[in-house]
Amino acid sequence: MSSILEKSLAIIELLADHPVGMAVSMIAARTDQPISGVHRTLQELARLGYVRQIQAQGHYVLTIRMPAMGLGFLSRAGITDVAQPILDALAVRSKELIRLSVVDGDKLIWVAVAQGAMHGLRYDPGQEQGVVVHLASTSAGKAWLSTMSDEDALARISAQGLVRDAEGTGQNAPRSLTELLRQLAEARKQGYAVAVDSYLAGMAAMAVPVRYRRTGPVLGCLSIAGPAVRLTAQQMAELAPDLRDAASELGEAAVGSKYFDANVRSFQVGESVGG
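Residue numbers (numbering that gives the first Met the number 0): 0 to 274.
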């Protein structure tokens with residue numbers, strides 16, 4: 000890391016994944032920075048109100064300032080206001096977990112959720128909002144990749160990594176590029192992407208891309224997720240029309256979002272320059 004800003008952001012991103020806090024030495028090790036430098040950065044971030052020190056353990060945690068900024072941005076940008084009623088309605092129909100991810104540059108990020116399973120087995124990710132989607136192992140990631148050429152999809156995978164290095168990854172997560180490309184071809188054929196025992200063991204999910212006004216640029220992906228024993232291939236096929244209808248509704252409603260409107264304008268400018 001070459002700049003102070005880059006080092007500071009690396010610390011903030013790490014602490015965002017550890018809400019109970021981390022010791023200075025651990026932060027230094029995980030960000031590959033010297034302890035003295037990390038300590039100085041944390042002191043400055045504390046002065047600015049972005050982190051605080053838990054006196055009992057001496058660990059540093061994020062304050063609520065950064066999450067509040069994120070939630071405020073989502074609200075003012077019109078993402079959650081536009082999407083949440085549609086997600087809630089689909090959750091009621093499917094009786095499973097509904098998630099919306101949005102394209103942010105070269106990444107896909109989970110931003111909104113609605114839980115439709117009220118009892119029995121249910122999948123509840125809890126802390127995944129704001130998390131970058133792992134493309135190869137998730138239905139949302141594969142739905143997005145399926146809208147690209149194989150070459151572009153492989154470039155995305157090369158940048159992020161094929162294998163998700165995390166505890167709980169399912170045994171069916173693709174282990175080769177050939178396998179992933181086969182899954183993308185299947186997603187294009189059937190109109191939705193699936194992931195079973197892939198992102199997490201025991202979980203199944205299906206997803207479709209959300210396009211601006213149905214045929215425009217891809218804004219994100221909409222998914223249904225639940226326990227694999229309940230969200231079977233037959234159940235996915237039955238839910239597919241509802242999922243597509245909700246994605247189309249989101250694409251139409253996106254006209255009212257400042258964030259999506261800006262993204263579309265950026266896409267159109269880039270397409271004009273490139274074409």
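Here a beta-carbon is modelled for each residue, glycine too, at the ideal position from N, C-alpha and C.
Since we're looking at a predicted model, the values are computed, not measured.
Same chain, Cβ closer than 6 Å to residue i, neighbours up to 5 away in sequence not counted
i	result
residue 37	23, 26 and 27
residue 117	none
residue 235	205
residue 191	205, 207 and 239
First through last residue of the beta strand (DSSP E) which encompasses residue i
i	result
residue 52	50-53
residue 283	Look at the range of the chain in this structure, 0 to 274, and you will see that residue 283 is not part of it.
residue 205	202-210
residue 111	106-114
residue 118	Note, residue 118: premise wrong, no beta strand (DSSP E); not H, not E.
residue 38	Not the beta strand (DSSP E): residue 38 falls in the alpha helix (DSSP H), residues 34-46.
residue 60	58-61
Contacts around residue i, its chain only, beta-carbon distance under 8 Å, and the 5 residues preceding and following it disregarded
i	result
residue 112	86, 96, 97, 98, 99, 124, 127 and 128
residue 115	89, 90, 91, 92, 93, 94, 95, 96 and 97
residue 163	133, 135, 136, 172 and 198
residue 227	195, 196, 201, 202 and 203
residue 83	111 and 113
Extent of the continuous alpha helix (DSSP H) to which residue i belongs
i	result
residue 103	Premise fails: residue 103 lies in the beta strand (DSSP E), 96-103, not in any alpha helix (DSSP H).
residue 254	Taken as a continuous stretch (DSSP letters only), residue 254 belongs to no alpha helix (DSSP H), as it is neither H nor E.
residue 4	3-15
Same chain, Cβ closer than 7 Å to residue i, neighbours up to 5 away in sequence not counted
i	result
residue 15	61
Classification of residue i by the beta-carbon crowding that lies within 10 angstroms, buried from 16 upward
i	result
residue 167	exposed
residue 10	buried
residue 182	buried
residue 3	exposed
residue 5	exposed
residue 271	Because the pLDDT at residue 271 is just 39, under 50, the model does not fix this residue reliably, and the point stays unresolved.
residue 8	exposed
Rounded distance between the beta-carbons of residue j and residue i, thought under 8 Å
i	j	result
residue 59	residue 21	6 Å
residue 246	residue 217	Not quite, the Cβ-Cβ distance comes to about 10 Å (not below 8 Å), so this is no contact.
Query raised in the report: Can we say the stretch 178-186 touches the stretch 139-153, given the rule of at least three CB pairs closer than 8 Å?
Result: yes
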